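J.:
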Amino acid sequence: MELHNDWYKRMSFYQIWVRSFADGNGDGIGDLYGVYDKLEYIKSLGVDGIWFSPLYPSPNADYGYDISDYRDIHPEYGTLEQFQKVLHKAHEMGLKVIMDLVVNHTSDEHPWFLESRKGRDNPYSDYYIWRDKPNNWDSLFEGKAWEYDKVRGQYYLHIFAKKQPDLNMDNPKVREEVKGIMRFWLDMGVDGFREDVINFISKKEGLPNGLPFLPAVNGMPYYKDGPHIHEYMAEFRAVCMEYDCFQIGEGPMTTVQSAMKYLTGPTKSLDMMFSFDHMMADCIYTEYVHRPFSLIKLKKAFSRWQYALAGKGWNSLYLENHDHPRIISRYGSTHYWRESGTMLAASFIFQQGTPFIYQGQEIGMTNIRLHSIDDYVDVSTKNNYHTYHLKDTIERRLKRIHLSSRDSSRTPVQWDSSPYAGFSKVQPWFYVNPNYRKINVAAEEKDPDSILNFYRKCLALRKSSKTLIYGAYKEYFPKDPNIYMYERSYGEVRYLIICSFARLPVKVRIPQNYVGKKGQLMLSNYPDGPQVMADSLRKRAHQEVNMLAAEHGMFRPYEVRVYRFRERAREK
Ligand code: NOJ
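Mind the numbering: the sequence shown is residues 446 to 1017 in the working numbering, read in order.
1. Does the distance from the CB of Leu968 to the CB of Leu906 come in under 8 Å?
2. Short of 6 Å in beta carbon distance, which residues of its chain neighbour Pro873, apart from the five on each side in sequence? Order them along the chain.
3. For a quick check, are the C-beta atoms of Asn470 and Tyr459 less than 8 Å apart?
4. Below 8 Å, how does it come out for the segment 716 to 724 and the segment 748 to 764: are there three or more Cβ pairs, yes or no?
5. Starting from Lys742, follow the alpha helix (DSSP H) in both directions and report where the run begins and ends.
6. Quick one, which of Lys744, Ser910 and Tyr830 has its alpha-carbon nearest Ile943's?
7. Verify whether the separation of the beta carbon atoms of Arg1006 and Tyr940 is less than 8 Å.
8. What is the DSSP secondary structure of Met718, counted as helix, strand or coil?
9. With a cut-off of 8 Å, do at least 3 Cβ pairs link the segment 734 to 754 to the segment 922 to 937?
10. Indicate whether Ala506 and Phe868 have their beta-carbon atoms separated by less than 8 Å.
11. Buried or exposed: which applies to His723, given that a residue is buried once 16 or more other Cβ atoms fall within 10 Å of its Cβ?
12. Relative to the alpha-carbon of Tyr915, which residue among Asn898, Arg933 and Arg901 has its alpha-carbon at the smallest distance?
13. Give me the residue from Ser552, Ile928, Tyr935 and Gly961 with the minimum Cα distance to Arg1001.
14. Which first and last residues belong to the beta strand (DSSP E) in which Ile693 is found?
15. Anyone know if the C-beta pair for Ser825 and Arg851 falls short of 8 Å?
16. Based on Cα-Cα distance, which residue from Leu631, Glu640 and His673 lies nearest to Glu650?
17. Does the beta-carbon of Glu640, which I'm using as the reference point, lie nearer than 7 Å to any heavy atom of the ligand NOJ?
18. Can you give, in chain order, each stretch of the alpha helix (DSSP H) that sits fully within the segment 774 to 861 and has at least 4 residues?
19. Verify whether the separation of the beta carbon atoms of Tyr733 and Ser849 is less than 8 Å.
20. Starting from the Cα of Lys608, find the closest Cα among Thr551, Ser739 and Lys844 and give me that residue.
21. Taking the alpha carbon of Ile794 as the point to measure from, which residue in Tyr781, Glu765, Val822 and Ala887 has its own alpha carbon closest?
22. Which class does Leu982 belong to by DSSP, given the choice of helix, strand or coil?
23. Spatial neighbours of Pro520 within its chain, please: C-beta separation below 6 Å, excluding the five flanking residues on both sides.
24. Within a Cβ cutoff of 7 Å, which residues of the same chain sit near Val623, ignoring the five residues on either side of it in sequence?
25. On the DSSP letters alone, give me the boundaries of the beta strand (DSSP E) that Ser934 sits inside.
26. Can you check whether the CB of Ile802 is closer than 8 Å to the CB of Leu490?
27. So what does Thr731 bridge to, in DSSP terms?
28. Measuring only from the beta carbon, is Asp583 closer than 7 Å to any heavy atom that is part of the ligand NOJ?
29. In three-state DSSP terms, what is Trp557?
30. Quick check on this structure: which residue in Gln529, Ala947, Ser895 and Tyr453 has the alpha carbon closest to the alpha carbon of Phe638?
31. Using DSSP with H/G/I as helix, E/B as strand and the rest coil, what is Gly564?
32. If we count Cβ pairs, one from each stretch, closer than 8 Å, do we get three or more for the segment 780 to 794 versus the segment 827 to 835?
33. Rank Asp768, Glu937 and Ala704 by C-alpha distance to the C-alpha of Arg749 and give the top, closest one.
34. Less than 7 Å between C-beta atoms, sequence neighbours within five positions excluded: which residues of the same chain meet that for Glu989?
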């Protein structure tokens, strides 16, 4: 029986990728001193918790996701004491803190690996996956998934970069290490973990060759949801249950069916999973394989997860993180920057689940365009550029990078219009997006209609409403190519969220069961409100409005409206 607390359902989270968040000690690199100073800002958004991408010592081959010490803080980001100060203050302010748990792999500079490579008969020799002969798997980040190590005289498996050797989770000692790491942070007071590529940690015995015609992902059928995954997850769950902690797993390429095994029933081991389906409405698997954005695909993905988990599991809701380019540049429009940024906020925050907002998303940061591949720093960006479409012109290959690079989400957060966007007093470690004079926190604080203030309104509205937290989800007109319309209902109250993804004005149909109903307009992203009500809307906010009669069902580009209805759906 699940005795676990479900406080996470009422929460929303803010994700910090610390290197680019705020530089507090003046070296051009974001750090925990900067985080400490910004906790009031984070709290002011209306979120209830922080997820820290890895803060641990790391050679930064994959910017923190290659860990060389699980029980310390990277000196560039501060010290354990500084982390504890942040944790303590966050807790005082009512913010939970979750850490990234990256245990599919370590850094090749982790002492375990340094020992393991020394030979076949030391205590760490089976901590990693060594073979005399590699199979045909590709790595997701860098060429083949096997690297020859001269010292040991064998190949080691790395599903990600060469500097990220995979741990051998079949070794009980490795699992004990993982549990020890969890306890270390839980004892310090953290509230849970985001578990990196956790569905990859159990590999099929014998490591069979993959299908040769599936580049990059050919080994995936043998390492995703592997044979012992649920046993191992149960062991980690048991640790978590000793504390009032929660776990969210990252599930690359997971289907909703396989996610259900982690989220429900006797094998439940996670409270939520980060799925990827909805991040593929403009690409195939990775943003590097681009296709035009399809709202239908996005809606299908949203609704597939909403319906499948209804009453059984709990969704995580996100549109951005450190692995995806900025969402306005993908699913919105930089031309209709404010409109699409605000509409996108409402398109996901009001679904059933726990929203995660990524740093800079709340001010509508957009993709950066750098001029040469050498200006990019992300290992997978460079790999994509140097591996695929080599016959294309440099312009075309760079265009793909502009659309797809993870570096776009890793530019310094734009705090104000001063040099380096107020992120640092010195030249930052990475390029600042030149649009920082327009897109920055200080400017948006002053503007009641900014993207920033719209995020605040959405999070506050969600928090104020049982319906928006727990209510049932229903989508209307799933085939409409321009409008995403969904309902949340709980008891007598229903919300209808109507999002236009169109660049032109479009007509919106009203669902049959809403015809003639009166709803309150709770939120809209055109400062003058729905067109017909124009100037009097703000004064009349929360007054009863008949949607149909008052608005003729026309929505302007990227318009969003959130209505609340008090009567029963089918009441006559
Ligand atoms: C998923 C993380 O979010 C990503 O940043 C990282 O590169 C891979 N896992 C490998 O750890």
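Think of the CB as a built atom: it goes at the ideal place given N, C-alpha and C, for glycine as much as any other residue. Bear in mind that the values here come from a model prediction, so they are computed numbers and not experimental data.
T.: In short:
1. Against the sequence shown, residue 968 aligns to sequence position 523. Against the sequence shown, residue 906 aligns to sequence position 461. Between Leu968 and Leu906, the C-beta spacing is below 8 Å.
2. If you number the sequence shown from 1, residue 873 lands on position 428. The residues are Gly473, Pro857 and Tyr865.
3. Reading the sequence shown from its first residue, position 25 is the one you call residue 470. Reading the sequence shown from its first residue, position 14 is the one you call residue 459. It is not a contact, given that the beta carbons lie outside the stated cut-off.
4. Remark: three or more beta-carbon pairs, one from each stretch, lie closer than 8 Å, so the segment 716 to 724 and the segment 748 to 764 are flagged as touching.
5. Within the sequence shown, numbered from 1, the residue matching residue 742 stands at position 297. Bounds of the alpha helix (DSSP H) holding Lys742 are Leu740 to Leu754.
6. Within the sequence shown, the letter at position 498 stands for residue 943. Checking every option, the nearest Cα to that of Ile943 belongs to Lys744.
7. Within the sequence shown, numbered from 1, the residue matching residue 1006 stands at position 561. Within the sequence shown, numbered from 1, the residue matching residue 940 stands at position 495. Taking C-beta atoms as the reference points, Arg1006 and Tyr940 fail to come closer than 8 Å.
8. As a position in the sequence shown, residue 718 is number 273, starting the count at 1. Looking at Met718 - three-state DSSP - the assignment turns out to be strand.
9. Touching, per the Cβ criterion.
10. As a position in the sequence shown, residue 506 is number 61, starting the count at 1. As a position in the sequence shown, residue 868 is number 423, starting the count at 1. Taking the C-beta atoms as reference points, Phe868 is found no nearer than 8 Å to Ala506.
11. Numbered from its first residue, the sequence shown carries residue 723 at position 278. So His723 counts as buried.
12. Taking the sequence shown and counting its residues from 1, one reaches residue 915 at position 470. Scanning Asn898, Arg933 and Arg901 for the CA closest to the CA of Tyr915 turns up Arg933.
13. Locating residue 1001 in the sequence shown gives position 556, where the first residue counts as 1. Comparing Cα positions, the closest option is Ile928.
14. Translated into positions along the sequence shown, residue 693 becomes position 248. Boundaries of the beta strand (DSSP E) harbouring Ile693: Phe691 to Glu695, taken from the DSSP string.
15. Here residue 825 is taken as the residue at index 380 of the sequence shown, counted from 1. Here residue 851 is taken as the residue at index 406 of the sequence shown, counted from 1. Contact: yes.
16. By one-based count along the sequence shown, residue 650 stands at place 205. Minimum Cα distance to Glu650 is reached at His673.
17. Counting from one through the sequence shown, the residue named residue 640 turns up at place 195. No.
18. With a minimum length of 4 residues, the continuous alpha helix (DSSP H) runs that stay inside the segment 774 to 861 are 782 to 794, 824 to 832 and 839 to 849.
19. As a working mapping, residue 733 is identified with position 288 in the sequence shown. As a working mapping, residue 849 is identified with position 404 in the sequence shown. In contact: Tyr733 and Ser849 (Cβ atoms closer than 8 Å).
20. Counted from its first residue, the sequence shown places residue 608 at position 163. Nearest option by C-alpha distance: Thr551.
21. Stepping through the sequence shown from its first residue, residue 794 is reached at position 349. Cα-wise, what sits closest to Ile794 is Glu765.
22. Here the question's residue 982 lines up with position 537 in the sequence shown. Summary for Leu982: the model assigns pLDDT 39, below 50, so the residue's position carries little reliability; its value from the coordinates is reported in the next sentence. Of the three classes helix, strand and coil, the one that applies to Leu982 here is helix, per DSSP.
23. In the sequence shown, the residue the question calls residue 520 occupies position 75. Around Pro520: no qualifying Cβ.
24. The residue given as residue 623 occupies position 178 in the sequence shown. For Val623, where only same-chain residues beyond five positions count, the Cβ hits under 7 Å are Val548 and Phe681.
25. In the sequence shown, counting from the first residue as 1, residue 934 sits at position 489. Ser934 -> beta strand (DSSP E) spans Ile928 to Tyr935.
26. On the sequence shown, position 45 is the one that residue 490 refers to. On the sequence shown, position 357 is the one that residue 802 refers to. In this structure, Leu490 places its C-beta atom within 8 Å of the C-beta atom of Ile802.
27. Walking along the sequence shown from the start, residue 731 turns up at place 286. Here Thr731 is bridged, per DSSP, to Ile729.
28. In the sequence shown, counting from the first residue as 1, residue 583 sits at position 138. Not under cutoff, so the answer is no.
29. Locating residue 557 in the sequence shown gives position 112, counting from the first residue. Residue state, collapsed to three classes: helix.
30. Looking up residue 638 in the sequence shown gives position 193. Here the closest residue by C-alpha is Tyr453.
31. In the sequence shown, residue 564 corresponds to position 119, counting from 1. Gly564 carries a coil assignment under DSSP once its states are collapsed to helix, strand and coil.
32. No contact exists between the segment 780 to 794 and the segment 827 to 835.
33. Taking the first residue of the sequence shown as 1, we reach residue 749 at position 304. Residue nearest to Arg749 within the set Asp768, Glu937 and Ala704 is Ala704 (criterion: CA-CA distance).
34. Indexing the sequence shown from 1 puts residue 989 at position 544. Residue placement at Glu989 is poorly supported in this model, since its pLDDT is 41, which falls under 50; the coordinates still yield a value, given next. Counting only residues of its own chain and dropping the five nearest sequence neighbours on each side, Glu989 has a CB closer than 7 Å to the CB of Lys963 and Gln965.
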